[in-house]
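Residue numbers (our numbering): 84 to 287. Where a beta carbon is used, it is the ideal one built from N, C-alpha and C, also for glycine. The structure presented is a predicted model; accordingly, all values stated were derived computationally and were not measured. As structure tokens, the structure follows; a few thoughts come after it.
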């Protein structure tokens, strides 16, 4: 369908060129609703940037990170689950015959990269869960590990270490399994100063 047709129908919303009937959520998408500004246009970019200005409400995704593209496809999955699909918008992502355009294929390639990075991050978070942390005027800062720190339930406690990401000078505190020499010897890890190697809690 054409952009003109969708612009004339408040109950239609477009995400990545796919058009959905959102009439069941009229209180959100109709006039006066919190998402009415999406009416009649594919404003996919705004879903992940939060830029709801006239220029921000666009289907141009150039410059978005792989993680943002993953987030946009999460929104698309939500619409596919909650609302009835009624067609495809002729334009950037779909041709007149309904076939995907080169632009959509390029976005899907970035999605694949984003999903790979997400899986790697999840695997790293499971291997190196985040530390607990606390700070007070009286005792200063402290990081420590537990069997539930980082939201990862496990049988081991671990020891606090600084984990540096390649190409970044920043780090985050992670818990490393002390019985795993491969993990302890990772070049991305660094011990906390003035803290015993096998301590489960360190001052910072």
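Chain-order list of residues whose beta-carbon lies under 6 angstroms from that of residue i (same chain, five-residue window excluded)
{"i": "residue 193", "result": "149, 152"}
Classification of residue i by the beta-carbon crowding that lies within 10 angstroms, buried from 16 upward
{"i": "residue 245", "result": "buried"}
{"i": "residue 135", "result": "exposed"}
{"i": "residue 157", "result": "exposed"}
{"i": "residue 142", "result": "buried"}
{"i": "residue 117", "result": "exposed"}
Contact set for residue i: own chain, Cβ-Cβ below 7 angstroms, skip 5 residues either direction
{"i": "residue 232", "result": "212, 213, 214, 215, 258"}
{"i": "residue 271", "result": "246, 247"}
Cα-Cα separation between residue i and residue j, rounded to whole angstroms
{"i": "residue 90", "j": "residue 144", "result": "Because residue 90 sits at a pLDDT of 47, beneath the cut-off of 50, its placement in the model cannot be relied upon, and the following sentence gives the value as read from the coordinates. Their Cα atoms are separated by approximately 21 angstroms."}
{"i": "residue 188", "j": "residue 109", "result": "32 angstroms"}
{"i": "residue 94", "j": "residue 129", "result": "19 angstroms"}
{"i": "residue 239", "j": "residue 260", "result": "7 angstroms"}
{"i": "residue 122", "j": "residue 255", "result": "42 angstroms"}
{"i": "residue 166", "j": "residue 200", "result": "29 angstroms"}
{"i": "residue 133", "j": "residue 127", "result": "10 angstroms"}
{"i": "residue 172", "j": "residue 111", "result": "22 angstroms"}
{"i": "residue 208", "j": "residue 106", "result": "40 angstroms"}
{"i": "residue 198", "j": "residue 205", "result": "10 angstroms"}
Nearest-angstrom Cβ-Cβ length linking residue i and residue j, presumed shorter than 8 angstroms
{"i": "residue 249", "j": "residue 228", "result": "About 24 angstroms; that fails the 8 angstroms criterion."}
{"i": "residue 147", "j": "residue 99", "result": "So it is not a contact: roughly 12 angstroms between Cβ atoms."}
{"i": "residue 223", "j": "residue 286", "result": "6 angstroms"}
{"i": "residue 190", "j": "residue 154", "result": "Incorrect: roughly 13 angstroms between the Cβ atoms, too far for contact."}
Cut-off 8 angstroms between Cβ atoms - residues of its own chain near residue i, not counting five sequence neighbours on either side
{"i": "residue 274", "result": "244, 245, 280"}
{"i": "residue 186", "result": "175, 176"}
Residue i and residue j closer than 8 angstroms at C-beta
{"i": "residue 177", "j": "residue 103", "result": "no"}
{"i": "residue 124", "j": "residue 101", "result": "no"}
{"i": "residue 210", "j": "residue 266", "result": "yes"}
Residue i at chain D interface by Cβ criterion, 8 angstroms
{"i": "residue 158", "result": "Absence of chain D from the displayed structure is noted, only one protein chain being present."}
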